Amino acid sequence: RRWGRRSGRGGRGGNRYDDKFATSGGVETISCAGQEGRIIGKGGVTVRELSERTGANIDISREDGTCKVSGGDAAAAASEIRRIVDAGVQEDGGYDTRGSGSRGGGDD
Numbered sequence: 094r095r096w097g098r099r100s101g102r103g104g105r106g107g108n109r110y111d112d113k114f115a116t117s118g119g120v121e122t123i124s125c126a127g128q129e130g131r132i133i134g135k136g137g138v139t140v141r142e143l144s145e146r147t148g149a150n151i152d153i154s155r156e157d158g159t160c161k162v163s164g165g166d167a168a169a170a171a172s173e174i175r176r177i178v179d180a181g182v183q184e185d186g187g188y189d190t191r192g193s194g195s196r197g198g199g200d201d
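Going by the working numbering, the residue at position 50 of the sequence shown is 143; the numbering climbs one at a time, nothing skipped.
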């Protein structure tokens, strides 16, 4: 799903933002596998508020575990998304699904 700023009011966007994502060169991709629900929030409230606050377009893909951020203050939105992901990983007991196949700690 794509969320972004609508003209004059914030909210969840649909295909309306496809062209912007296709043509924008300033897209930041963040790995968020397993934490998508925390970023979206209940009923989409978290991602919607983040998008409204920063003016960024946010595209979360559960299929590949990524979050793409562009437009507005994308750096601030990306920073907040990373904070949400990191907090979720900590809350989940250090289980980091963002790595390259490594699941959790281990005895190295």
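From the three backbone atoms N, C-alpha and C, an ideal C-beta is built for every residue, glycine too. Here the structure is a predicted model, which is why all the values come from computation and not from measurement.
Quick one: grab the DSSP three-state call for Asp166.
Correct three-state label for Asp166: coil.
Verify whether the separation of the beta carbon atoms of Ile151 and Lys161 is less than 9 Å.
A contact, by the Cβ cut-off of 9 Å.
If we ignore side chains and look at the alpha-carbon of each, how far apart do Gly136 and Ile153 end up?
When rounded, the distance between both Cα atoms is 14 Å.
Comparing C-alpha positions only, which one of Glu142, Gly127, Ala169 sits nearest to Gln183?
Measuring from the Cα of Gln183, the nearest candidate turns out to be Gly127.
Below 8 Å CB to CB, which residues in the same chain sit around Thr147 once its five sequence neighbours on both sides are set aside?
Here the set comprises Gly165, Asp166, Ala167, Ala169, Ala170, Glu173.
Quick one: what does DSSP say Asp157 is sitting in, helix, strand or coil?
Reduced to three states, the DSSP call for Asp157 is coil.
Based on the DSSP secondary-structure assignment, which residues constitute the bridge partners of Ser124?
Beta-bridge pairing links Ser124 to Thr159.
Would a C-beta distance cut-off of 9 Å place Gly134 and Arg141 closer than the cut-off?
Yes, these two residues count as a Cβ contact at 9 Å.
Would you kindly report the start and end of the unbroken alpha helix (DSSP H) that includes Gly130?
Residues 129-133.
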